[in-house]
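Sequential numbering from 0 applies to the sequence shown in numbering that gives the first Met the number 0.
Cβ atoms here follow ideal geometry from the backbone N, Cα and C, with glycine treated the same way.
Keep in mind it's a predicted model, so treat the numbers as computed, not measured.
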Amino acid sequence: MKNYMAPMEGVTNWVYRNAYHECFYPMDKYFTPFITAKPNKRLSSKEIKEVSPDTNGKLPVVPQILTNNAEDFVKTAHIFRDEYGHKEVNLNLGCPSGTVTAKGKGAGFLGEPEKLDRFLDEIFANTGMEISIKTRVGTDYEEDWERLLEIYSKYPIKELIIHPRLLKDHYKGTPRYGLYEEAQRKIKVPLGYNGDIFSVEAYQEIQEKFPDADSFMYGRGIIARPYLLDEIMCGTRMKKEDRQSQYKQKMRQFHDCLYREYQEYLSGERNVLFRMKELWNYMAPGFTNYAKYLKKIKKSQHLGDYEAAVMSLFGEQEIL
Numbered sequence: 000m001k002n003y004m005a006p007m008e009g010v011t012n013w014v015y016r017n018a019y020h021e022c023f024y025p026m027d028k029y030f031t032p033f034i035t036a037k038p039n040k041r042l043s044s045k046e047i048k049e050v051s052p053d054t055n056g057k058l059p060v061v062p063q064i065l066t067n068n069a070e071d072f073v074k075t076a077h078i079f080r081d082e083y084g085h086k087e088v089n090l091n092l093g094c095p096s097g098t099v100t101a102k103g104k105g106a107g108f109l110g111e112p113e114k115l116d117r118f119l120d121e122i123f124a125n126t127g128m129e130i131s132i133k134t135r136v137g138t139d140y141e142e143d144w145e146r147l148l149e150i151y152s153k154y155p156i157k158e159l160i161i162h163p164r165l166l167k168d169h170y171k172g173t174p175r176y177g178l179y180e181e182a183q184r185k186i187k188v189p190l191g192y193n194g195d196i197f198s199v200e201a202y203q204e205i206q207e208k209f210p211d212a213d214s215f216m217y218g219r220g221i222i223a224r225p226y227l228l229d230e231i232m233c234g235t236r237m238k239k240e241d242r243q244s245q246y247k248q249k250m251r252q253f254h255d256c257l258y259r260e261y262q263e264y265l266s267g268e269r270n271v272l273f274r275m276k277e278l279w280n281y282m283a284p285g286f287t288n289y290a291k292y293l294k295k296i297k298k299s300q301h302l303g304d305y306e307a308a309v310m311s312l313f314g315e316q317e318i319l
């Protein structure tokens, strides 16, 4: 069973992935935040950093493409292959953002199954690369899923990574586990599971439900608890107090690495603070009595104020 880092726009960029890989139990694959395929596409400097071996080193990175145009997909995939050496690309059919789905992309593409079928036929015929797909299970109705599975079963998908929620669910409610089970019964391609793995207990529960899953993909859970995979893979062999001490040390190392790299990569205090504050919205609840520290972090206007608030949190509180 393999472990993947989910793509999260504005969070899991190349800086984040490198810092994570250095500090925590490594993922088997890291999926980039989506790169939008466009006619006559040339990558921006930001997009190049996401896929280039110069910035990603030997990390097993998979570029993710967002589009509903087959020709644009093929052209962009060939750039990733020919210029940056990638052998696999991932198609985004899972993003629930309104700005994406309103254009019939991401999870919005699932609402046009016949168009999707033609799109997949063309990209699998012309890309000449391994193609994995990250998908939701439909737009509005569970009944959507049966038709989508019929379509997916026609193609040599490298791996179908399923977030068992509808588009309309966004991230609310409980994942629709029954629809993942339906995929296991009806489709023969490798299947990955994504959704609501926030703790060791959640991981164990989902693994018991789906012991044959080829992979687990971690999104919001790993951003909130970057040491989550350490807990899953190693934590049960350690005493609680030893785990807390080790993970706190790892968190500090991770923070300092990320903070240092963002200061080098981004221009101006404001941009650095924006990125770090966004991460603390996820990470702070993993500490005891975090609220007042998070408030200070979010109110900081200068790096010195930010550093003092973070130092206080690490010095005065513990990992839960």
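First through last residue of the beta strand (DSSP E) which encompasses residue i
i	result
phenylalanine 30	28-30
methionine 216	214-217
methionine 92	The amino acid at residue 92 is misidentified as methionine; the sequence shows leucine. Taken as a continuous stretch (DSSP letters only), the beta strand (DSSP E) holding leucine 92 covers 87-92.
methionine 4	1-4
glycine 191	190-193
glutamine 63	63-65
8 Å Cβ shell around residue i - same chain, five flanking residues per side excluded
i	result
lysine 249	Cys22, Phe23, Pro225, Tyr226, Asp229
leucine 148	Glu181, Ala182, Lys185, Ile186
Run of the alpha helix (DSSP H) containing residue i, from where it starts to where it stops
i	result
serine 44	44-50
alanine 124	112-125
lysine 238	No alpha helix (DSSP H) holds lysine 238; DSSP gives it neither H nor E.
glycine 107	Note, glycine 107: premise wrong, no alpha helix (DSSP H); not H, not E.
tyrosine 202	199-208
glycine 267	Glycine 267 -> no alpha helix (DSSP H), and no H or E assigned at all.
For residue i: DSSP bridge partner residues
i	result
leucine 227	Leucine 227 pairs with nothing; no bridge assigned.
threonine 35	Leu65
glutamate 129	Glu87
phenylalanine 286	Ile318
valine 10	BP columns for valine 10 are empty, so no partner.
valine 60	Tyr29
Cβ neighbours of residue i in the same chain (closer than 7 Å, five flanking residues each side left out)
i	result
proline 59	Asp27, Lys28, Tyr29
threonine 66	Thr35, Ala36, Phe72, Lys104
cysteine 256	Ala18, Glu21, Cys22
proline 6	Phe30, Thr31, Pro32, Phe33, Gln63
Own chain, CB closer than 6 Å to residue i, minus 5 neighbours either side, in chain order
i	result
asparagine 288	Gln316
valine 61	Lys28, Phe30, Glu87, Asn89
valine 99	Gly105
beta-carbon residue i near the ligand GTP non-hydrogen atom, thresh 6 Å
i	result
tyrosine 140	The model depicted lacks the ligand GTP and carries no ligand whatsoever.
Can you give, in chain order, each stretch of the alpha helix (DSSP H) that sits fully within the region 131-183 and has at least 4 residues?
-> Assignment of alpha helix (DSSP H) within the region 131-183, counting only whole runs of 4 or more residues, yields 143-151 in chain order.
Hey, is the region 151-169 in contact with the region 186-200, meaning 3+ C-beta pairs nearer than 8 Å?
-> Counting Cβ pairs under 8 Å, three or more are found: they touch.
Would you call the region 50-57 and the region 106-118 in contact, with 3 or more CB pairs under 8 Å?
-> With the cut-off at 8 Å, the region 50-57 and the region 106-118 do not touch.
Is the region 84-103 touching the region 114-131 in the sense that three or more CB pairs, one from each, lie closer than 8 Å?
-> With the cut-off at 8 Å, the region 114-131 and the region 84-103 touch.
Hey, is the region 205-212 in contact with the region 130-145, meaning 3+ C-beta pairs nearer than 8 Å?
-> The region 205-212, when compared against the region 130-145, does not touch it at the 8 Å Cβ threshold.
Evaluate contact between the region 264-272 and the region 32-41, counting only Cβ atoms and requiring at least three cross-stretch pairs below 8 Å.
-> Fewer than three beta-carbon pairs drawn from the region 264-272 and the region 32-41 are found closer than 8 Å, and the two stretches are therefore not classed as touching.
Can at least three beta-carbon pairs, one atom from the region 300-314 and one from the region 216-225, be found at a separation below 8 Å?
-> The region 216-225 and the region 300-314 do not touch, with fewer than three beta-carbon pairs separated by less than 8 Å.
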